[in-house]
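Heads up: the sequence shown at position 11 corresponds to 24 in my numbering, and the numbers run straight through without jumps.
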Amino acid sequence: MTRLTNILLWLGFSLTLIIGIIFDIYGVHNGTSRIHNLPLQGLGYTGYDMSLNPSERSLYSDAEVLKRCYQLGKDKFVLIAIDGARNRHAVHDPIYCFQGAGWSISSTRKLPIEGGSGLLMNLQRDEQDREILYWFTNNKTRHSSVVRYWIQATIRRITLGRSGQEPILIMMQSLDNKGIEWAKILDEFGLLFEI
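The structure is reproduced here in structure tokens:
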């Protein structure tokens, strides 16, 4: 390797490192997250805010998180929406998260939703059964691919927000051991597709 090549490589590395630090310090922020547009009450549903537990506060740190319990008809569920614009490490693979918390995944299936699809997981731990439905959304498309989320979020940071809105993770979890009519909830709770 010639001396000139060596110098050019070190300059490129240094420039990349400096740009990376600048992007990390001056991340793309758009003010208040759109997750706060979701109302507590509406036609046919009611909800209340839930506080984050200490481990959730530590995990999510500077990310904007909405945690609510909603009741729509006879179905009750917890909705967690995470906007990682201020802390990209807060949004991670939900499968990894639930397995790390001791849940085993008994089944998964894609569930068609407006603008794409979500992933419906059936989980078990001890004598408990839960259903989790999650997807990532940039307010135009919806998907359950963590890799696609990372690509969208990275492109958004590189373009300083010009490539679209920050993808948000939406997770909905049943509260008890019985199943939920997810299709009915998604049909009647259309405001989910406006965030």
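Virtual Cβ for every residue (Gly too), placed ideally from N, Cα, C.
Checklist line | Beta-bridge partners of residue 148, as assigned by DSSP | finding: 183
Next item on the list: Would you kindly report the start and end of the unbroken alpha helix (DSSP H) that includes residue 191?
Entry: Careful: residue 191 lies outside any alpha helix (DSSP H) and carries neither H nor E.
Margin query: At the level of alpha carbons, what is the spacing between residue 54 and residue 109?
Written below: 32 Å
Item checked: residue 175 burial status per 10 Å Cβ neighbour count (16 or more: buried) -> Residue 175 is exposed by the Cβ-count criterion.
Next item on the list: Give the DSSP-derived three-state secondary structure of residue 137 in the structure shown.
Entry: Assigned with DSSP and collapsed to three states, residue 137 falls in strand.
Checklist line | Spatial neighbours of residue 59 in its chain, beta-carbon cut-off 6 Å, leaving aside the 5 residues before and after | finding: 84
Next item on the list: Could you tell me the distance, in whole angstroms, from the CA atom of residue 46 to the CA atom of residue 75?
Entry: Across the structure, residue 46 and residue 75 are spaced so that their CA atoms are roughly 12 Å apart.
Margin query: So the candidates are 191, 205 and 24; which of them puts its Cα closest to the Cα of residue 136?
Written below: 191
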